[in-house]
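*Asks:*
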């Protein structure tokens, strides 16, 4: 039900704007969900600002139904276009893969990821139920410490289908699955000729086999949704400059606003992008194009960003709005330069090659949980690990393709990417135990997946054995092992036995803390609602789906 409601809301809000987004059905289908997100955010902010009770929020569904009817011709053009049908089918397959992974999760664990999953759920409830303006969330964070675009969309769906935690999980995972569309847009920009179809198939395979993207989609926070907005803004900007399309540059301003209002980490990419555009504008031709696109781009950015600032400042005041973010609060408490040096080392160098930062850290006694934690730190919190073993193997296999062009890529993109990495690490102003790649840098592996798909498509005969070994290692060590641990059934009796000490000793502090919060809050995850025997056929179904997708990519 949550899936259907979200689709109706996104399409109903976005379809009336679709004809203004692009000239082809394929591109309009890729951009329409993001237009729908912005419209829904503005509607949700208005409902919250007017303090309308939750009983009014389902009326948005009626408006969206009207939008669906108004855009029926647009939907018909999508159905009639073979390329658009393929695009939507590939997204549906990845969304199905993510929902299947989500259905195996009975609790959250891994690294030190403990509070955010419940905090963002509380934010959606706060928006929906008009909680007091001084409402604080996990670790006493005030509401303005995180921007609310995706939380507002979630609140709209929960107001229609019911605000259970399982519904919230499904909505957040589906919102994360929209990252497929900017990655696919990037594949089209990178491809030439007949390689695009092969690259599209490889993109789906690599998305399924990415531990970093899977975990950020099923852990219900806003990181992957933000990365989707950032990559969309980057692809639109690049396309606008390459093809002299002012409309793409205008839409990039709206996408940049959507990114910043989804998570403040996107401001890093915005700063780097503006500096890069200022450098490009030294030449007359791109300067004229940028000046022509600037008014509309700035206006769209101001509408979205201004809505959030008016909401936050009006409710919470200037100080809370601008000083409650963790970057500001952590910087006031400690040595930001020392934290940057530690985080840079641990983000760039994989965790297995470094000693533990916290000498009091005790590894879990359960062997599988211990292995999972080491793999988790590698795949989720270090930049090389986020690329996955598959990504590193693709770089080696395709070096004959990218090596001759490396100099041009470094000259054009090397400095902006380096700036993003350094600023993204510096944004976390407290020392991290393992690495901070997951804080601000998730856009880079998302873009890399698209580039790796193009490289595989250009290889005349990829070394299938090596590639398959890397893919299945990532699936087993980064995804399968994670889901195996998160599928363990933790009951109130297990948590209470021995005051929780046996569970803490066997599986570690993160699992213990998350299980304690989940049970004490009374939240039932999607995986807990399935019959106990369902994990086996569901796992076999996921394996069959991946093998089928992999074989189709090889045959292409």
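In the UniProt record's numbering, the protein residues as written are 1 to 556. In this text, a Cβ means the ideal position worked out from N, Cα and C, and glycines have one as well. Source: prediction; values computed, not measured.
Can you give me the C-alpha to C-alpha distance between residue 275 and residue 346, rounded to a whole angstrom?
*Replies:* Roughly 27 Å separates the two Cα atoms.
*Asks:* Using 8 Å as the threshold, is the region 66-86 in touch with the region 169-180, meaning 3 or more CB pairs across them?
*Replies:* In short, these stretches do not touch, since the Cβ pair count stays below three.
*Asks:* Is residue 303 closer than 9 Å to residue 42 when the C-beta atoms are compared?
*Replies:* Their beta carbons are under 9 Å apart, which means residue 42 touches residue 303 by this criterion.
*Asks:* Determine, using beta carbons only, whether residue 15 and residue 49 come nearer to each other than 9 Å.
*Replies:* No.
*Asks:* Assign residue 409 to buried or exposed, taking buried as 16 or more other Cβ atoms, counted over all protein chains shown, within 10 Å of its Cβ.
*Replies:* Exposed: under 16 other Cβ atoms inside 10 Å.
*Asks:* Of the choices 339, 72, 162, 277, whose alpha-carbon is the least far from that of residue 25?
*Replies:* Minimum Cα distance to residue 25 is reached at 72.
*Asks:* Which of the three DSSP states, helix, strand or coil, is assigned to residue 142?
*Replies:* Reduced to three states, the DSSP call for residue 142 is strand.
*Asks:* Between the beta-carbon of residue 470 and the beta-carbon of residue 198, is there less than 9 Å?
*Replies:* No, Cβ-Cβ distance for residue 470 and residue 198 is not below 9 Å.
*Asks:* Residue 538 and residue 104 look like a contact to me (Cβ under 8 Å); what is the Cβ gap, rounded to whole Å?
*Replies:* Right, their Cβ atoms sit about 6 Å apart.
*Asks:* Does the Cβ-Cβ distance between residue 111 and residue 505 come in under 9 Å?
*Replies:* Contact flag unset, no.
*Asks:* Starting from residue 386, trace the alpha helix (DSSP H) in both directions and tell me its first and last residue.
*Replies:* Here the alpha helix (DSSP H) through residue 386 covers 383-397.
*Asks:* What is the DSSP secondary structure of residue 220, reduced to helix, strand or coil?
*Replies:* DSSP places residue 220 in coil when its eight states are reduced to three.
*Asks:* With the cut-off set at 9 Å, would you say residue 145 and residue 511 are in Cβ contact?
*Replies:* No, the Cβ-Cβ distance between residue 145 and residue 511 is not below 9 Å.
*Asks:* Can you give, in chain order, each stretch of the alpha helix (DSSP H) that sits fully within the region 419-497 and has at least 4 residues?
*Replies:* Correct list: 437-440, 443-458, 464-473, 481-486, 492-496.
*Asks:* Note the first and the last residue of the continuous alpha helix (DSSP H) segment covering residue 403.
*Replies:* From DSSP, residue 403 is part of no alpha helix (DSSP H); its letter is neither H nor E.
*Asks:* Are the beta-carbon atoms belonging to residue 421 and residue 389 less than 9 Å from one another?
*Replies:* No, the pair does not count as a contact, with Cβ atoms beyond the cut-off.
*Asks:* With a threshold of 16 other CB atoms inside 10 Å of the CB of residue 619, please say whether the residue is buried or exposed.
*Replies:* For residue 619 there is no data in the structure shown, the boundaries of the chain being 1 and 556.
*Asks:* Consult DSSP for residue 115 and reduce its assignment to one of helix, strand or coil.
*Replies:* Residue 115 falls in the coil class under three-state DSSP.
*Asks:* Between residue 289 and residue 249, is the Cβ-Cβ spacing less than 9 Å?
*Replies:* Yes, the Cβ-Cβ distance between residue 289 and residue 249 is below 9 Å.
*Asks:* Among the candidates 483, 540, 293, whose CA atom is the shortest distance from the CA of residue 369?
*Replies:* The candidate whose alpha carbon is nearest that of residue 369 is 483.
*Asks:* Quick check on residue 514: buried or exposed, where buried means 16 or more other Cβ atoms within 10 Å of its Cβ?
*Replies:* Residue 514 is buried by the Cβ-count criterion.
*Asks:* Rounded to the nearest angstrom, what separates residue 213 and residue 181 at their Cα positions?
*Replies:* Each residue's alpha carbon lies about 14 Å from the other.
*Asks:* Nearest-angstrom Cα distance between residue 447 and residue 501?
*Replies:* In a straight line, the C-alpha of residue 447 is about 42 Å away from that of residue 501.
*Asks:* Kindly confirm or deny that the region 153-162 and the region 200-214 touch, where touching means at least three C-beta pairs closer than 8 Å.
*Replies:* The region 153-162, when compared against the region 200-214, does not touch it at the 8 Å Cβ threshold.
*Asks:* Can you grab the Cα-Cα spacing for the pair residue 527 / residue 238, in whole Å?
*Replies:* Distance between the alpha carbons of residue 527 and residue 238 is about 41 Å.
*Asks:* I need the straight-line Cα distance from residue 556 to residue 38, nearest angstrom please.
*Replies:* Cα to Cα, the separation comes out at about 36 Å.
*Asks:* Does the pairing of the region 228-238 with the region 472-481 give three or more beta-carbon distances under 8 Å?
*Replies:* Touching, no, given that fewer than three Cβ pairs across the two stretches are closer than 8 Å.
*Asks:* With the cut-off set at 9 Å, would you say residue 265 and residue 225 are in Cβ contact?
*Replies:* In this structure, residue 225 does not lie closer than 9 Å to residue 265 by Cβ.
*Asks:* Just how far apart, CA to CA, sit residue 348 and residue 454?
*Replies:* Straight-line Cα distance between these residues: approximately 25 Å.
*Asks:* Taking only runs of the alpha helix (DSSP H) that begin and end inside the region 509-534, which ones reach a length of at least 4 residues, in chain order?
*Replies:* Complete alpha helix (DSSP H) runs here, min 4: 509-521.
*Asks:* Is it the case that the region 113-126 contacts the region 279-296, given that we only count it when at least three CB pairs across the two stretches are under 8 Å?
*Replies:* The region 279-296 vs the region 113-126: no contact.
*Asks:* Mark residue 223 as exposed unless 16 or more other C-beta atoms lie within 10 angstroms of its C-beta, in which case mark it buried.
*Replies:* With 16 or more Cβ atoms within 10 Å of its Cβ, residue 223 is classed as buried.
*Asks:* Do you know how far the Cα of residue 253 is from the Cα of residue 298?
*Replies:* In a straight line, the C-alpha of residue 298 is about 6 Å away from that of residue 253.
*Asks:* Leaving out five residues before and five after residue 578 in sequence, what residues of the same chain have Cβ atoms less than 6 Å from its Cβ?
*Replies:* Residue 578 lies beyond the residue range present for the chain, which begins at 1 and ends at 556; the question has no answer from this structure.
*Asks:* Looking only at its own chain, which residues have a Cβ that is under 6 Å from the Cβ of residue 292, when we skip the five neighbours before and after it?
*Replies:* Closer than 6 Å at Cβ, skipping near neighbours: 246.
*Asks:* By the 10 Å Cβ neighbour count, where 16 or more other Cβ atoms means buried, how is residue 361 classified, buried or exposed?
*Replies:* It is exposed - the Cβ of residue 361 has fewer than 16 other Cβ atoms within 10 Å.
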